[in-house]
Amino acid sequence: NFILQAEICQRLFDRDPDRAAEELQNLKTAASVTFQKVRDFIFDLRPMMLDDLGVASTVRTYAKSFQQKNDIEVSEDIAGEDRRLETHREVLIFRSIQELMVQARDYASPAHIDIKLDLTSDPIRIVVEDDGRGFDPTPIFEAEEGAHLDGRGEALLTLKEKMELIGGKIAIESSEAEGTTVRLEIPAGE
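The working numbering numbers the first residue of the sequence shown as 4 and each following residue consecutively.
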């Protein structure tokens, strides 16, 4: 609790200035970590730069941040940098890429994730490929309503359902030895 730590520092200044300085440094560190977590949380909820700079810049920024935080090499190849789409489509594109990267990190332990985003086409094409542990994607495409899948399967099933709702497509190729490639097609809607 920041307030409690600040009160402790205040009391220590008269009695033990060295310890007060140490506690103050601890408070600064804790505040810095907390504020970074809040910024990350806000970005994860709705990256404001998506509105200002578009999906291409937002994906690039997220990829760099993801690489730094997770020690996973991320490369991105984006065509159609300047193209803007309806806000809900840009959010869907960004969230889909974000989810695929998080799923790869959490379940595949990859050394590298490669993102390809083609904004020049209709449909918009997204490919997210990792070199981690693959899996059998068959249950995702054969799952009946209410079926139980593991965390990765649930997330990919949800993504598949989103694609179906908007008239998009999803294809998943995966093998234990070669990682996973997910291809998405999202109608541009223009």
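For glycine and all other residues, C-beta sits at the position ideal for the given N, C-alpha and C. Quick caveat: nothing in here was measured; it's all calculated off a predicted structure.
Mark Phe5 as exposed unless 16 or more other C-beta atoms lie within 10 angstroms of its C-beta, in which case mark it buried.
exposed
Where Ala24 and Gly156 are concerned, what is the direct C-alpha to C-alpha distance, given to the nearest angstrom?
50 Å
For Thr184, list the residues DSSP reports as bridge partners.
Glu132 and Glu176
Cβ-Cβ separation, Ile143 to Ile169 (assumed contact under 8 Å), whole Å:
That pair is no contact at about 18 Å.
State the beta-bridge partners of Ser78 as determined by DSSP.
Asp117
Is Ile169 helix, strand or coil by DSSP?
coil
Proximity to Ser3 [Cα-Cα], best of Glu145, Thr141, Lys72 and Gly154
What is shown of the chain runs 4 to 193, which leaves residue 3 out entirely.
Grab the span of the alpha helix (DSSP H) containing Leu95 for me, first residue to last.
Thr90 to Ala111
Reference Leu145; option with closest CA among Ile175, Leu122 and Asp125:
In the sequence under discussion, the amino acid at residue 145 is Glu, which differs from the Leu named in the question. Minimum Cα distance to Glu145 is reached at Ile175.
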